[in-house]
Amino acid sequence: MITLDKFIEQRLKDDKKNLLDLSKKETNLQDCVNYVFDYFNTYINIDETQFLQIENDEKVAKYQRQIEKYSSSVQGWLIEVYTQYNKKLNQQIPKLLNNIDVFLLTNSPESFRKYSYKCYSQLIKKYPFMENYIEQLYEFIIDQHRVLNYNYQFDQKEEASFNEKIDSYVVKTANKYKVNLLIWAQTYANNFYEYEHIWSAGTYDVSEFGKCYNPMKAKKNKFNIDTIYSQLSTLPYIRGKKKILEILVMYYWQKEIAPVDDNLYEEYMKQACDSV
């Protein structure tokens, strides 16, 4: 941006004005006044528009760095929505998917389509523009599943190890069906902490801080696994694996959520792992 004096100097030169010509004193004075108005009303406004464009480009670039984990087509859609409506759907949609407890356990076009309809029915209430993006929502959900399922490298055994059968099952399911059971178990354990409404009577501890689920008090159906299993029991990698799903959730509950007595936990894990 040039200064006012430089702007006037340039205009005088362009218009071939001679301020030393006293015979044109009044005209020159009026022209200089007009130059001042032009500077503030035209030049400054143009420069402000350019500044806003630069600022907007920087915001978009920053946002793109936040969504670089997604495919190029999904990134393009997210940026389009962000620039047109100032909404970050990469934050909104995952919250809805997080409420679908079986999302990370499934990996088929049919299931993703079903989840997209479910998310759409909630998004459209808040974001009417979503009516133009039904297919893009579906594609985002597929990509979100891909992103979440590859947060863990299965060739590294540092995360979790149970026994040969369970470890092999976890790796095989990831490689063959593209379903990361560990990510699902971790997510579900975190969610279940908030599911007080489905905790059975006698399965939680009560303290001055409130209620806390205690899986050791649940004689059966720990973590409400029966409900999860019943929805997916026909899937080849889920059928007959209900106990393993429970074991995986128990692992993350103990590690990250609300650990029970170590001796009770070790006893449970030994018996449970030996039983599968």
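Using the working numbering, the first residue of the sequence shown is number 1, and each one after it goes up by one.
Even glycine gets a Cβ: it sits at the ideal position worked out from N, Cα and C.
Quick caveat: nothing in here was measured; it's all calculated off a predicted structure.
Buried or exposed for Q271, going by 16 or more other Cβ atoms inside 10 Å?
Walking along the sequence shown from the start, residue 271 turns up at place 271. By the neighbour-count rule (16 or more Cβ atoms within 10 Å), Q271 is not buried but exposed.
Let's test the definition: count the other Cβ atoms within 10 Å of the Cβ of R134 and tell me whether it reaches 16, buried, or not, exposed.
As a first step, residue 134 is located in the sequence shown; it is residue number 134 there, counting from the start. Per the sequence shown, the amino acid found at residue 134 is Ile instead of Arg. The residue in question, I134, is exposed, as its Cβ has fewer than 16 Cβ neighbours within 10 Å.
Count the other CB atoms within 10 Å of the CB of Q186; is the residue buried (16 or more) or exposed (fewer)?
As a working note, residue 186 is residue 186 in the sequence shown. Q186 is buried by the Cβ-count criterion.
Shortest alpha-carbon distance to V74 belongs to which of C273, V147 and L19?
Numbered from 1 along the sequence shown, position 74 holds the residue referred to as residue 74. Ranking C273, V147 and L19 by Cα distance to V74 puts V147 first.
Quick test of your reading: Y213 and T203, contact by CB under 8 Å. State the CB separation rounded to the nearest angstrom.
What you label residue 213 is simply residue 213 of the sequence shown in a count that begins at 1. What you label residue 203 is simply residue 203 of the sequence shown in a count that begins at 1. Contact flag correct, Cβ pair sits at about 6 Å.
Which residues in the same chain have their Cβ closer than 8 Å to the Cβ of D57, if we skip the five residues on either side of it in sequence?
Position 57 of the sequence shown, counted from the first residue, corresponds to residue 57. Excluding sequence neighbours, D57 sits near nothing in its chain.
So, under 8 Å CB-CB, Y70 and D143 are touching, yes? Tell me the CB distance rounded to an integer number of Å.
Numbered from 1 along the sequence shown, position 70 holds the residue referred to as residue 70. Numbered from 1 along the sequence shown, position 143 holds the residue referred to as residue 143. 5 Å between Cβ atoms; contact.
In the DSSP output, what is C212 paired with across the bridge?
Start at 1 with the first residue of the sequence shown, and residue 212 comes out as number 212. Note: C212 sits in a beta bridge opposite D205.
State the DSSP-derived secondary structure class of Q156, mapped to helix, strand or coil.
In the sequence shown, residue 156 corresponds to position 156, counting from 1. Confidence in Q156 is poor, its pLDDT being 47 and thus under 50, which makes the residue's placement too unreliable to answer from.
Reducing DSSP to helix, strand and coil, say where A61 ends up.
Reading the sequence shown from its first residue, position 61 is the one you call residue 61. It is helical.
Would L97 be called buried (16 or more neighbouring beta carbons within 10 Å of its own) or exposed?
Along the sequence shown, one-based indexing puts residue 97 at 97. With 16 or more other Cβ atoms within 10 Å, it is buried.
Do you know how far the Cα of T42 is from the Cα of W184?
As a position in the sequence shown, residue 184 is number 184, starting the count at 1. As a position in the sequence shown, residue 42 is number 42, starting the count at 1. In a straight line, the C-alpha of W184 is about 58 Å away from that of T42.
Identify the continuous alpha helix (DSSP H) that holds P236 and give its terminal residues.
One-based indexing of the sequence shown puts residue 236 at position 236. Premise fails: P236 is in no alpha helix (DSSP H) and is neither H nor E.
How far does the alpha helix (DSSP H) with W199 in it reach, from first residue to last?
For the purposes of this step, residue 199 is identified with residue 199 of the sequence shown, where counting begins at 1. No alpha helix (DSSP H) contains W199, which DSSP labels as neither H nor E.
Would you decide whether Y117 is buried or exposed? Buried here means 16 or more other CB atoms lie within 10 Å of its CB.
The residue you call residue 117 lines up with position 117 of the sequence shown. Exposed, by the Cβ-count rule.
Can you tell me whether K217 sits near the ligand FMN, meaning its C-beta is under 8 Å from at least one heavy atom of the ligand?
With respect to the ligand FMN, the structure shown offers nothing to examine, as it has no ligands at all.
Whole angstroms is fine: what's the gap from S23's alpha carbon to L29's?
On the sequence shown, residue 23 is found 23 positions in, with the first residue counted as 1. On the sequence shown, residue 29 is found 29 positions in, with the first residue counted as 1. Near 11 Å, if we compare the C-alpha coordinates of L29 and S23.
Taking the straight line between their C-alpha atoms, what separation do you get for Q282 and E131?
There is simply no residue 282 to check, as the chain begins at 1 and stops at 276 in what is shown.
Considering only residues of the region 132–182, which uninterrupted alpha helix (DSSP H) runs meet the minimum length of 4 residues and lie entirely inside it, listed in chain order?
Correct list: 134–149 and 164–177.
Are the beta-carbon atoms of N149 and L78 separated by less than 9 Å?
On the sequence shown, residue 149 is found 149 positions in, with the first residue counted as 1. On the sequence shown, residue 78 is found 78 positions in, with the first residue counted as 1. No, they are not a contact pair.
Per DSSP, what kind of secondary structure is S230 in: helix, strand or coil?
Translated into the one-based positions of the sequence shown, residue 230 becomes position 230. It is helical.
Grouping DSSP H, G and I as helix and E and B as strand, with all else coil, what is I79?
On the sequence shown, residue 79 is found 79 positions in, with the first residue counted as 1. Note: I79 maps to helix in three-state DSSP.
Roughly how many angstroms separate the alpha carbons of L19 and Q10, rounded to a whole number?
If you number the sequence shown from 1, residue 19 lands on position 19. If you number the sequence shown from 1, residue 10 lands on position 10. Cα to Cα, L19 sits roughly 13 Å from Q10.
Leaving out five residues before and five after E246 in sequence, what residues of the same chain have Cβ atoms less than 8 Å from its Cβ?
Residue numbering aside, residue 246 sits at position 246 when the sequence shown is read from its first letter. Taken in chain order, the residues that qualify are K222, F223, I225 and A272.
Count the other C-beta atoms from every protein chain shown that fall within 10 angstroms of the C-beta of F209, then say buried if there are 16 or more, exposed otherwise.
Here residue 209 corresponds to residue number 209 of the sequence shown, with the count starting at 1. Label assigned to F209: exposed.
Taking the C-alpha atoms as reference points, what is the distance between D14 and N34?
Position 14 of the sequence shown holds residue 14. Position 34 of the sequence shown holds residue 34. If I take the Cα positions, the gap works out to 14 Å.
Look at the alpha carbon of I124 and the alpha carbon of L89, and state the distance between them as a whole number of angstroms.
Taking the sequence shown and counting its residues from 1, one reaches residue 124 at position 124. Taking the sequence shown and counting its residues from 1, one reaches residue 89 at position 89. If I take the Cα positions, the gap works out to 12 Å.
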